[in-house]
Amino acid sequence: MSPLVNDAKRLFVAAGSTQTPVFEGNEYVFGTLGPSQEKLEAAIKALAGLGAKTIAVVHEDGSPCYVPYLAEVNGLQLVMEANAGASPSSDDLDPYVKNLTTLAPDISVACGYGSYCGNWVKSMRRQNFSPKAQLFATCTDQVKDDVGSDVAYMMAGTDWHPTMKGIDEVTGWSASEFAVQFDKRSYRSAAYQSAAASASISVVLQAIERTGTMDDDILREYIANAHFPTVKSNLTFDENGQAFGGSVMLQFVSGEDSSDAMVVYPPEKAAEGYSIIYPMPTWEGKDCIQVSDCELTGTCAPDGTCVCTNPNDRSIGVGPTALCTNISEDFTHVSDSYYVVGYSLFAIQTFLSIICMAWTLSFRKRTIVKASQPEYMSLICIGVWIIACGIIPLSLQEGGYRNLQNVNTGEITDEPNEDIQKIDAHCMAYPWLFAIGFALTFGALFAKIWRINKLMQGASTFRRVHVGVKDVAGFVIGLLALEVLIMLTWQLVDPLQWQRSVVTYG
1 MSPLVNDAKR
11 LFVAAGSTQT
21 PVFEGNEYVF
31 GTLGPSQEKL
41 EAAIKALAGL
51 GAKTIAVVHE
61 DGSPCYVPYL
71 AEVNGLQLVM
81 EANAGASPSS
91 DDLDPYVKNL
101 TTLAPDISVA
111 CGYGSYCGNW
121 VKSMRRQNFS
131 PKAQLFATCT
141 DQVKDDVGSD
151 VAYMMAGTDW
161 HPTMKGIDEV
171 TGWSASEFAV
181 QFDKRSYRSA
191 AYQSAAASAS
201 ISVVLQAIER
211 TGTMDDDILR
221 EYIANAHFPT
231 VKSNLTFDEN
241 GQAFGGSVML
251 QFVSGEDSSD
261 AMVVYPPEKA
271 AEGYSIIYPM
281 PTWEGKDCIQ
291 VSDCELTGTC
301 APDGTCVCTN
311 PNDRSIGVGP
321 TALCTNISED
331 FTHVSDSYYV
341 VGYSLFAIQT
351 FLSIICMAWT
361 LSFRKRTIVK
371 ASQPEYMSLI
381 CIGVWIIACG
391 IIPLSLQEGG
401 YRNLQNVNTG
411 EITDEPNEDI
421 QKIDAHCMAY
431 PWLFAIGFAL
441 TFGALFAKIW
451 RINKLMQGAS
461 TFRRVHVGVK
471 DVAGFVIGLL
481 ALEVLIMLTW
491 QLVDPLQWQR
501 SVVTYG
């Protein structure tokens with residue numbers, strides 16, 4: 001039609017095409033829909049600015065998205081471009097989506113008509129494909145009806161949306177008021193094509209009113225160079241006669257109705273209080289937000305777990321089952337009565353060691369005590385007390401895990417616990433105390449027995465034998481050195497470590 005109208009030199013302002021060849025070279029023909037490549041321009045530019053590096057596109061026959069061009073312009077790596085054929089079902093799209101789960105692009109773009117975008121989302125859900133951003137073109141309006149809340153947090157490039165700013169000069173309607181009036185009269189939601197048709201009429205009327213003429217040549221010249229406030233914002237036309245600068249980025253906030261798709265970019269056109277959510281939540285994250293009871297006691301994380309508000313709560317479940325609940329950890333500690341018995345025995349042994357050593361030192365000059373070598377009697381008191389000291393590190397049961405716990409779920413992570421070395425020291429303290437105490441106690445006893453044996457041998461031959469402290473000290477020192485060597489080897493090669501294991505969760 002464009003060539004015919006142009007040859008007749010009749011003004012034609014169209015609302016039904018985004019293809020540049022329709023307008024190029026036809027100076028009497030204008031279009032209130034922007035070029036096809038402009039539909040996603042704002043969205044891809046915004047996502048590239050937020051750090052996206054890779055992009056992929058799968059489109060339907062006859063639905064050009066110009067993604068390769070936009071990727072190059074915005075410095076993105078195109079990892080996949082595929083044609084899914086005409087009117088593909090969600091099953092037909094499964095192989096493409098499965099391939100994308102491996103490629104893991106930051107941005108996934110689906111371009112098609114009618115139910116294409118809805119089928120794409122259904123396949124995404126089945127394949128658990130969660131890119132950082134999912135973009136739609138052309139089929140934006142129907143996708144909400146096809147998949148409902150599954151479209152939440154996904155994005156779309158469009159020429160128009162009811163939340164866009166601007167007032168039409170002819171009707172005085174804002175975009176939102178136009179949507180209300182359209183719904184009242186047609187009993188259906190206003191789409192971008194409806195707004196484009198309204199804008200076409202408004203542009204012609206504004207041009208006629210401003211120029212005061214119906215002359216096609218004058219009107220053509222004026223429209224090509226003027227600005228027109230419409231429900232599609234302030235329209236201007238490029239050298240081909242297509243509207244430009246009107247593309248915006250939408251994001252579906254909850255996906256339940258059309259009001260949940262909000263303009264989030266560019267900032268000057270964004271709905272008040274809304275900005276881009278990037279990366280979007282995973283499927284588990286969306287299920288957590290939309291289905292679970294997590295929001296009652298915490299907030300949903302992108303991975304679908306629940307971040308608990310109360311530090312004593314623990315997160316259980318993922319996605320629709322995510323929830324914070326107060327589950328106290330059962331560490332299977334021993335009864336406090338065992339502590340009472342253990343520390344009581346340690347106190348008794350400490351008291352007896354002190355009494356025995358005090359008695360030995362007090363009577364060390366008496367003949368019978370002196371003959372018993374009070375030095376080694378004192379060593380026995382000390383050795384027995386050191387063995388009893390092993391009760392203290394053995395009583396430890398408050399140590400944590402070798403790896404840190406997830407503060408939300410309570411599950412053990414792969415991150416090491418830096419404080420666990422202090423607990424490990426308690427584990428090795430007991431064998432060290434027992435070994436040293438054993439060496440001192442039995443070294444002293446062996447020394448005394450060896451001394452008695454020497455004296456008895458001398459008496460059997462009627463020889464006078466003198467066995468002093470220094471003569472038998474080698475037994476104690478030798479046994480002590482052997483124990484220290486064994487313990488050092490153990491400590492350096494394979495020391496005991498604190499280990500708390502989780503038997504069950506929840």
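Using full-length UniProt numbering, you'd call the opening residue of the sequence shown number 1 and step up by one each time.
Just so it is clear, CB atoms sit at the ideal spot from N, CA and C, and this is done for glycine as well.
Per-residue DSSP class, three states only, for residue i
i: residue 38; result: helix
i: residue 393; result: helix
i: residue 265; result: strand
i: residue 509; result: The chain is shown from 1 up to 506; residue 509 falls before or after that span and cannot be answered.
i: residue 129; result: coil
i: residue 495; result: coil
i: residue 294; result: helix
i: residue 300; result: strand
i: residue 405; result: strand
i: residue 117; result: helix
i: residue 70; result: helix
i: residue 502; result: coil
i: residue 341; result: helix
i: residue 398; result: coil
i: residue 412; result: strand
i: residue 147; result: helix
i: residue 256; result: Because residue 256 sits at a pLDDT of 47, beneath the cut-off of 50, its placement in the model cannot be relied upon, and the following sentence gives the value as read from the coordinates. Three-state DSSP puts residue 256 in coil, outside helix and strand.
i: residue 154; result: coil
i: residue 277; result: coil
i: residue 440; result: helix
i: residue 137; result: strand
i: residue 46; result: helix
Neighbour-count burial assignment, residue i, 16 or more Cβ in a 10 Å radius
i: residue 41; result: buried
i: residue 162; result: buried
i: residue 326; result: exposed
i: residue 331; result: exposed
i: residue 535; result: Residue 535 cannot be examined here, being either before or after the span of the chain that is shown, 1 to 506.
i: residue 267; result: exposed
i: residue 501; result: exposed
i: residue 255; result: Confidence at residue 255 is low in this model, with a pLDDT of 49, below 50, so the placement of that residue should be treated as unreliable; the coordinate-derived value is given next. With 16 or more other Cβ atoms within 10 Å, it is buried.
i: residue 3; result: exposed
i: residue 275; result: exposed
i: residue 241; result: buried
i: residue 257; result: Bear in mind that a pLDDT of 47 at residue 257, under 50, signals an unreliable position, so the model cannot answer this.
i: residue 1; result: exposed
i: residue 365; result: exposed
i: residue 482; result: exposed
i: residue 486; result: exposed
i: residue 363; result: exposed
i: residue 206; result: buried
i: residue 140; result: buried
i: residue 315; result: buried
i: residue 220; result: buried
i: residue 72; result: exposed
i: residue 312; result: exposed
Among the options, nearest to residue i - alpha-carbon criterion
i: residue 154; options: 166, 186, 118, 179; result: 118
i: residue 260; options: 440, 294, 143; result: 143
i: residue 16; options: 27, 33, 26; result: 33
i: residue 10; options: 214, 475, 43; result: 214
i: residue 384; options: 357, 125, 310; result: 357
i: residue 47; options: 474, 362, 249, 423; result: 249
i: residue 69; options: 78, 120, 377; result: 78
i: residue 174; options: 187, 195, 157; result: 195
i: residue 111; options: 126, 125, 93; result: 93
i: residue 421; options: 364, 443, 499; result: 499
i: residue 353; options: 116, 379, 367; result: 379
i: residue 165; options: 225, 229, 193, 21; result: 229
i: residue 382; options: 71, 433, 200; result: 433
i: residue 425; options: 393, 412, 397, 413; result: 393
i: residue 285; options: 99, 435, 131, 225; result: 131
i: residue 396; options: 251, 299, 497, 373; result: 497
i: residue 525; options: 44, 444, 388; result: Any answer about residue 525 is impossible in this case: the structure gives the chain only from 1 up to 506.
Contact with chain E by residue i, beta-carbon distance below 8 Å
i: residue 116; result: In summary, chain E is missing from the structure at hand, where a single protein chain is found.
Handout entry: alpha helix (DSSP H) runs wholly inside the stretch 350-379, at least 4 long, in chain order
Key = Segments of the alpha helix (DSSP H) lying fully in the stretch 350-379: 367-371.
Handout entry: Inside the stretch 311-338 only - beta strand (DSSP E) runs reaching at least 3 residues
Key = 314-316, 323-325
Practice task
Only counting runs of 4 or more residues, tell me where the alpha helix (DSSP H) segments fall wholly within the stretch 156-242, in order along the chain.
Solution key: 175-186, 192-211, 216-225
Practice task
Any chance you could list the alpha helix (DSSP H) runs of at least 4 consecutive residues sitting entirely within the stretch 73-113, in chain order?
Solution key: 90-103
Practice task
Flag this pair as touching only if the stretch 79-92 and the stretch 55-66 have three or more C-beta atom pairs under 8 Å; answer yes or no.
Solution key: yes
Exercise for the section: Examine the Cβ distances between the stretch 394-407 and the stretch 437-445 and report whether three or more of them are shorter than 8 Å. Expected result: no
Practice task
Report yes or no: do the stretch 211-225 and the stretch 17-37 share at least 3 C-beta pairs separated by less than 8 Å?
Solution key: yes
Handout entry: Sufficient close CB pairs (3 or more, under 8 Å) joining the stretch 119-126 to the stretch 93-105
Key = Touching, per the Cβ criterion.
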